[in-house]
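What follows is a set of notes on a single structure, which appears directly below.
Spelled out as structure tokens, the structure:
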């Protein structure tokens, strides 16, 4: 059995520690989404790094099929955090 290099284990430990501390320290209450009694489907659109939820709202205009007529959409924004590398 081959052992992992110490650097790989250290990088994993640091990444895991930062992730856990971020989740525990930056927990926010989710914004309530009011149910639409006419909605037959729900789409939760998640944005990418450096973007925001409202900036993605125009994507709804691409979904013109009648199946999306009674769809409830949500475009949440993640908290803003500094990024050291992309």
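Numbering (UniProt numbering), first residue to last: 1 to 86.
By construction, the Cβ of each residue, glycine as well, lies at the ideal position given by its N, Cα and C atoms.
Opposing strand residues paired with residue i [DSSP bridges]
i, result
"residue 44", "74"
C-alpha distance - residue i paired with residue j, whole-angstrom precision
i, j, result
"residue 51", "residue 41", "25 Å"
"residue 54", "residue 63", "17 Å"
"residue 20", "residue 58", "34 Å"
"residue 69", "residue 47", "22 Å"
"residue 38", "residue 74", "15 Å"
"residue 45", "residue 56", "8 Å"
"residue 85", "residue 49", "11 Å"
"residue 8", "residue 14", "10 Å"
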